[in-house]
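Below you'll find the structure, written out as structure tokens, and then a few comments.
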Amino acid sequence: MEVIFVGTGSGKTQLKRFHTSLLIKTGNHNLLVDTGDAISKALLIANLDINLIDSIYITHTHADHFSGIASLLTQMKMAKRIKPICLYIHNSFVSFARNFLYHSFLFPETFDFEMKIIGFNFDSEINIADILYLLPIKNGHISNKYNVNSIPDINFISSSVLIKNENILTYYSSDIDSISDLSPINKFQPKYLIVESTHILFDELIEFINYSKMQKTFLVHINDEDGIVENYNKLSNEIKSKIILTIDGMCGTLT
Ligand SMILES: [Zn+2]
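Residue numbering for the sequence shown follows this note's numbering, starting at 154 and increasing by one per position.
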């Protein structure tokens, strides 16, 4: 499995990084994880054909992870796509996602390609393709921080995801609330970790990586004004050999 880091930035709009988005490539399936603002341009700059994408998984609906979906589907229509596509989003956001598209004047029923919006539940495995499975895991991003539950009829939930391909496990934190949201890693013991770096203290994250047994960790969701690069450069060569500070367009082979 290959992971192309289409974007590696945080929620802040930056000149050198698009918002974090991953293209997971197996032999016969291409899964895009998250479609934040400007995802279509990020894919264009990474020289990735949007019609190669077979499915999309949304971790949560913050603008840097979701708001580019309408534009991306518009580009697919303009590129005369005929290949079907599946959009995976948490069950409680399915009708919101459909309405978001309708309000963007996008009507999947009229597309030249079949588009399914498929709801997932936490802790329930999704078989994306032959040997590609995702396990959505609830994390505390958003819900722990604000009193959002006081807003009626709206769910605020966010997922991390365990990716299984040919029995190789990769854990993608997406956006979390704190280091405690990484605790499922102790249970699943993934070989690889892709972890955001905005909502966790850098020192805590390095300590966690040191303590855990991942073969390689990829840092994403980087705000270059946060001093992440400077902090990374101060690490010992031994720790640095286990951690990759990603940049847009980088490709990782996870085998
Ligand atoms: Zn984010």
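Backbone N, C-alpha and C define an ideal beta-carbon position, used for all residues, glycine too.
From a predicted model like this one, the values you see are computed outputs, not experimental measurements.
Where DSSP assigns a beta bridge to residue 112, which residues make up the other side? Past the edges of the chain, shown from 154 to 408, lies residue 112, and the structure says nothing about it.
Notebook entry, point to check: Are the beta-carbon atoms belonging to residue 361 and residue 397 less than 7 Å from one another?
Noted result: With contacts defined as CB atoms closer than 7 Å, residue 361 and residue 397 fail to qualify as a contacting pair.
The alpha helix (DSSP H) that contains residue 193, what's its start and end?
Run containing residue 193: 192-198, per the alpha helix (DSSP H) assignment.
* To do: May I ask you to check if the CB of residue 164 is nearer than 6 Å to at least one heavy atom of ligand 1?
  => At least one heavy atom of ligand 1 is nearer than 6 Å to the Cβ of residue 164, so yes.
| Exposed or buried, residue 187, counting other C-beta atoms within 10 Å across all chains shown (16 or more means buried)? | So residue 187 ends up on the buried side.
To the nearest angstrom, report how far apart residue 283 and residue 394 are at their CA atoms.
Rounded to whole angstroms, residue 283 and residue 394 show a C-alpha spacing of 32 Å.
Problem - Extent of the continuous alpha helix (DSSP H) run through residue 392 - result: Residue 392 -> alpha helix (DSSP H) spans 390-393.
_Closer than 8 Å is the cut-off here; do at least three beta carbon pairs connect the segment 232-246 with the segment 262-278?_
With a cut-off of 8 Å, the segment 262-278 and the segment 232-246 count as touching, because enough Cβ pairs lie within range.
### Query
Name the DSSP beta bridge partners of residue 280, please?
Its beta-bridge partners are 286.
- [ ] Ignore the nearest five residues each way along the sequence and tell me which others in residue 321's own chain have a CB closer than 8 Å to its CB.
- [x] Correct list, in chain order: 154, 344, 345, 407 and 408.
Specify whether the segment 157-164 and the segment 180-197 touch according to this definition: at least 3 beta carbon pairs, one from each stretch, less than 8 Å apart.
-> Contact holds: three or more Cβ-Cβ distances are below 8 Å.
request  = Counting only the same chain and skipping the five closest in sequence on each side, list residues whose C-beta sits under 8 Å from that of residue 219.
outcome  = Same-chain partners within the cutoff: 187, 188, 189, 211 and 213.
Problem set entry | Burial state of residue 134, where buried means 16 or more other Cβ atoms lie within 10 Å | The requested residue 134 is not part of the displayed model; the chain covers only 154 to 408.
query: Is it true that the segment 171-184 meets the segment 381-392, where meeting means three or more beta-carbon pairs spaced less than 8 Å apart?
result: The answer is no - the segment 381-392 does not touch the segment 171-184, with fewer than three Cβ pairs under 8 Å.
Practice task
Write down the C-beta distance between residue 241 and residue 279 rounded to the nearest angstrom, noting that I regard them as a contact closer than 8 Å.
Solution key: Confirmed, Cβ separation roughly 6 Å.
Discussion item. Please state whether the Cβ-Cβ distance between residue 338 and residue 325 is less than 7 Å.
Written reply: In this structure, residue 325 does not lie closer than 7 Å to residue 338 by Cβ.
Review point. Residue range of the alpha helix (DSSP H) that residue 340 falls in?
Key: Start and end: 337-341.
Residue 251 and residue 270: beta carbons closer than 7 Å? Taking 7 Å as the cut-off, the beta carbon of residue 251 is found closer than this to the beta carbon of residue 270.
C-beta atoms of residue 334 and residue 308 nearer than 7 Å | Taking 7 Å as the cut-off, the beta carbon of residue 334 is found no closer than this to the beta carbon of residue 308.
According to DSSP, residue 473 sits in a beta bridge with which residue or residues?
The question about residue 473 has no answer here: the residues shown for the chain are numbered 154 through 408.
*Does the Cβ-Cβ distance between residue 375 and residue 353 come in under 7 Å?*
No, these two residues do not count as a Cβ contact at 7 Å.
With respect to the alpha helix (DSSP H) encompassing residue 225, which residues constitute its N-terminal and C-terminal limits?
Taken as a continuous stretch (DSSP letters only), the alpha helix (DSSP H) holding residue 225 covers 222-231.
Between which two residues does the beta strand (DSSP E) carrying residue 243 extend? Residue 243 -> beta strand (DSSP E) spans 238-243.
| message | Can you list, in chain order, the residues of its chain with a C-beta nearer than 8 Å to that of residue 253? Leave out the 5 residues immediately preceding and following it. | response | Short of 8 Å from the beta carbon of residue 253, and not among the five residues preceding or following it, lie these beta carbons of its own chain, in chain order: 222 and 223.
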